[in-house]
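As structure tokens, this is what we get:
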């Protein structure tokens, strides 16, 4: 005969074993927290000898679209390119187009003959004449009407026709920013009409005053490439849907998927190309892993390398300021990156100070029912760096009609995505409980000490765990933080800003002294996005801080609460969170059954059944 005390001990030992297995199976090794550069050491050893690469190697899809657009037999006059509307991008695009344009067989453009107020247009005879075109590509980041179309100047009855950019590029390709044209609708309409009609007409810049003389039009052979981001192109599409349906399309690819060693070699050659253009030294062998880590942090993906020439050029230029060797060294990159982080860390340090002083209340010790450490990312307008901040999320449960109150939403501080996440986690929990009547509890969930708008669904896993804790009356350890979104089946989905979130909570724990039991739970899908600060990696390596990856809510709850979510096949008598909630519901439901007078108490039998 087994005593009740012995039986309880057996259950407790079984539970501890189950929890320990869960903690071990989901815990991440420190090697997974940053990109592995070991397979590429052979490439790095000879990377400084790699020859520069052409535009077509780095942007093959865009180069294909440009080659078709610039083909002599192509009748398409317009092309849109998704890319940054900066001088750097426009200049690179212009160089690629100039390399694709064929040499002109004959002189393009016109020549104006002015005799007093009599003006005639003749075919171009001199390639150096003002209105003689050229088969090349020109670009302008911002342009005014006079710069684009030219102007008519009259001084003491002397008429002078000043050519614009459209005359200089007659017979070639013009590159313009979409933003510049959206800000000047009339300029865009005139330009589109002239390119479509293949005819340039002189117009007065002032609509209330006509031109002082009549100037004949001239033939125009110009192709136009419009460069803009997704927002700008979307606005242009609303304005000109028919035009964009037929126009060629291309885009600057933001990153290079890292599938094999050939991709790494291609990327290293691209970096060499940028270094040569900037006339700065190429990288030494030990510098490549540092640039790789910085690049993965920028792209937020260990499997993708950034191709943004502006960002890469900035890294190389800044590293050169700290370099005193013939080649750019790891020491120079480390100094540039760490100094920049310190220079931009004022807001982050002030936030951490507020937590340390107790002005922002974040618990990192003990256990609390219905309270959990969520993680969010703060982005301030005009500030170059996003950083993570722990958020105290609490949930209280009381007798009610099954309503789940999202305080942020009711206070109009929650966005639509946050409200969507709350509704999803509610649907998941209700379906898991398999109730045949409304839940006899109401719950209220809130981000404590949150005074601004909260949006996004990355806290829905944390809110679900807090809700289950409150319903089951089981405490959550405050030494851990959680991030991740959930779907209606309890699967944990990836979120953004995972590195910043982990580092934000780590900073809080480090200031209060690491205990070896603190850590962060993240979605498994976000493991490939990890590229953490060296201090975090060192703490994980030494066992002072931990990271767990989970696929579903059932994986996260044992780590946080110490109890399995559902019954365990090996020992179905082990208590679990779902059964505890169901038992509590049954107890409340039994108390709420109607009690009849003693003459009618036989009706209780029906209410029981």
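Residue numbers (the working numbering): 1339 to 1947.
From the three backbone atoms N, C-alpha and C, an ideal C-beta is built for every residue, glycine too.
Every value quoted in this text rests on a predicted model; they were computed, and no experiment measured them.
Task: For residue 1561, the first and last residue of its enclosing beta strand (DSSP E) - done: 1561–1566
Task: Whole-angstrom distance between residue 1781 and residue 1709, CA atom to CA atom - done: 13 Å
TODO: Check whether the Cβ atoms of residue 1875 and residue 1820 sit closer than 7 Å, and answer yes or no.
DONE: Against a cut-off of 7 Å, the Cβ pair of residue 1820 and residue 1875 comes out as no contact.
- [ ] In angstroms with no decimal places, state the Cα-to-Cα distance between residue 1796 and residue 1779.
- [x] 25 Å
Open item on the list: Is the separation between the beta-carbon of residue 1517 and that of residue 1570 shorter than 7 Å?
Closed with: Yes, the pair counts as a contact, with Cβ atoms nearer than the cut-off.
Open item on the list: Less than 7 Å between C-beta atoms, sequence neighbours within five positions excluded: which residues of the same chain meet that for residue 1776?
Closed with: The residues are 1739 and 1740.
- [ ] Could you check what DSSP says for residue 1641 in three-state terms: helix, strand or coil?
- [x] Correct three-state label for residue 1641: coil.
- [ ] Please find out if some non-hydrogen atom of the ligand MN comes closer than 6 Å to the beta-carbon of residue 1654.
- [x] This structure simply doesn't include the ligand MN, nor any ligand for that matter.
Task: Length of the line joining the Cα atoms of residue 1383 and residue 1877 - done: Using only the alpha carbons, I get a separation of about 30 Å.
Task: residue 1340, buried or exposed, once every other Cβ within 10 Å from all chains shown has been counted against 16 - done: In this predicted model, residue 1340 has a pLDDT of only 42, less than 50, meaning its place in the structure is not dependable enough to derive any value.
TODO: Indicate whether residue 1508 and residue 1459 have their beta-carbon atoms separated by less than 7 Å.
DONE: For residue 1508 and residue 1459, no; Cβs fall outside 7 Å.
Open item on the list: Can you give me the C-alpha to C-alpha distance between residue 1465 and residue 1501, rounded to a whole angstrom?
Closed with: Taking the straight line from one Cα to the other gives about 14 Å.
Task: Cβ-based burial, residue 1494 [other Cβ within 10 Å; buried from 16] - done: exposed
- [ ] Please name the residue, chosen from 1785, 1596 and 1519, that lies closest to residue 1745 on a Cα-to-Cα basis.
- [x] 1785
Open item on the list: Taking 6 Å as the limit between beta carbons, can you name the residues of its chain near residue 1804, skipping five residues before and five after?
Closed with: 1708, 1710, 1731 and 1733
Open item on the list: Tell me which residue opens and which closes the alpha helix (DSSP H) that residue 1781 is part of.
Closed with: Where residue 1781 is concerned, there is no enclosing alpha helix (DSSP H), although the beta strand (DSSP E) it sits in stretches over 1779–1785.
- [ ] Could you spell out the range, first to last residue, of the alpha helix (DSSP H) harbouring residue 1484?
- [x] 1483–1487
- [ ] Use the C-beta contact count for residue 1613: other C-beta atoms within 10 angstroms, 16 or more gives buried, fewer gives exposed.
- [x] buried
Open item on the list: Tell me the rounded alpha-carbon separation between residue 1505 and residue 1415.
Closed with: Straight-line spacing of the CA atoms in residue 1505 and residue 1415 works out to 16 Å.
Open item on the list: Suppose only complete runs of 4+ residues qualify. What are the alpha helix (DSSP H) ranges in the segment 1834–1892, listed by chain order?
Closed with: 1836–1849 and 1872–1879
Task: Start and end residues, alpha helix (DSSP H) containing residue 1678 - done: 1668–1681
Open item on the list: What residue range does the beta strand (DSSP E) around residue 1399 cover?
Closed with: No beta strand (DSSP E) contains residue 1399, which is instead part of the alpha helix (DSSP H) from 1398–1407.
Open item on the list: Give me, in chain order, the residues of the same chain whose beta-carbon lies closer than 7 Å to that of residue 1703; leave out the 5 immediate sequence neighbours on both sides.
Closed with: 1816 and 1817
TODO: Alpha carbon to alpha carbon, how far is residue 1550 from residue 1391? Give it in angstroms, no decimals.
DONE: 53 Å
Task: Proximity below 7 Å, CB of residue 1479 to CB of residue 1515 - done: yes
- [ ] For residue 1357, name the three-state secondary structure that DSSP assigns.
- [x] Note that residue 1357 scores 49 on pLDDT, short of 50, meaning its location in the model is unreliable; the coordinates nonetheless yield the value given after this. Residue 1357 falls in the helix class under three-state DSSP.
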